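K.L.:
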Amino acid sequence: MSMIGQYLRLTPAELERASRDPDWAAEHAHDVYGRDDAAAAARVHETDKAWNALDFLLTRRGFPVDVVFGEADMPWPAGSDWGYGPPRLLTAERVRAAVDALEAHAPDALADGVAPADLAAANVYPQIVWERGEELDWVVSHWACLATYLRAAAREGDALLLWIS
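Each step along the sequence shown adds one to the number in my numbering, with nothing skipped, and position 112 is 116.
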């Protein structure tokens, strides 16, 4: 089973409701991810299995916002099943801070000076990919797509829920 990085944009009203009603948040995330329309597609994002490599590369470059795991906990009832732990939050303010930092962390420079062997040595998921010596192009591509998603969220004043499933 693969571990996939997942994102859900929340309006201020949705964030308020999710904070008060974690069961609603789980149901809302499931509903939006289950829809097959353009409006739902704009609200969700996935980094596939690139999430750990993105975290490694962004941390290495000093990216100022944790856009992989989020920065704030939310109240989730014990036993909530979001996959590999409960989701975390990136506030609308921190989404804007991430967008402000994008210019200095362009996708084409994300992997500069990093070889697949570096990710293998750091035990970055999915390790088998790096052990085979596969290039980091697909990670860089996910960063470019995530940057576009972050810009859209910032434009609308949205917060994000982030989790690994």
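The beta carbon of each residue, even a glycine, is placed where N, CA and C say it ideally should be.
Predicted model only: the values in this text are computed from it and were never measured.
From Gln10 to Thr51, what distance separates their C-alpha atoms?
P.N.:
Here residue 10 is taken as the residue at index 6 of the sequence shown, counted from 1. Here residue 51 is taken as the residue at index 47 of the sequence shown, counted from 1. Approximately 7 Å between the Cα atoms of the pair.
K.L.:
List the DSSP bridge partners of Trp167.
P.N.:
One-based indexing of the sequence shown puts residue 167 at position 163. Trp167 pairs with Gln10.
K.L.:
Pick from Ala158, Arg136 and Pro130: whose alpha carbon is nearest that of Leu58?
P.N.:
By 1-based counting over the sequence shown, the position of residue 58 is 54. The shortest C-alpha separation from Leu58 is found at Pro130.
K.L.:
Measuring alpha carbon to alpha carbon, tell me which residue in Thr63, Arg92 and Phe67 is nearest Gly74.
P.N.:
Residue 74 sits at position 70 when you count from the first residue of the sequence shown. Considering only alpha carbons, the answer is Arg92.
K.L.:
Beta carbon of Ala124, beta carbon of Glu135: below 9 Å?
P.N.:
Here residue 124 is taken as the residue at index 120 of the sequence shown, counted from 1. Here residue 135 is taken as the residue at index 131 of the sequence shown, counted from 1. Contact flag set, yes.
K.L.:
Can you tell me whether DSSP reads Leu123 as helix, strand or coil?
P.N.:
On the sequence shown, position 119 is the one that residue 123 refers to. It is helical.
K.L.:
Would you please state the rounded distance, in angstroms, between the beta carbons of Trp28 and Arg39? I believe it to be under 8 Å.
P.N.:
Position 24 of the sequence shown holds residue 28. Position 35 of the sequence shown holds residue 39. Not a contact, Cβ separation roughly 16 Å.
K.L.:
Pull up the distance between the alpha-carbon of Ala42 and that of Thr15, whole angstroms please.
P.N.:
The residue you call residue 42 lines up with position 38 of the sequence shown. The residue you call residue 15 lines up with position 11 of the sequence shown. Looking at the two C-alpha atoms, the distance is approximately 17 Å.
K.L.:
Pull up the distance between the alpha-carbon of Ala46 and that of Tyr153, whole angstroms please.
P.N.:
Position 42 of the sequence shown, counted from the start, is the residue given in the question as residue 46. Position 149 of the sequence shown, counted from the start, is the residue given in the question as residue 153. Distance between the alpha carbons of Ala46 and Tyr153 is about 8 Å.
K.L.:
Return the bridge partner residues of Leu92 from the DSSP annotation.
P.N.:
In the sequence shown, the residue the question calls residue 92 occupies position 88. What sits at residue 92 in the sequence shown is Arg, not Leu. Answer by DSSP bridge pairing, in chain order: Leu166.
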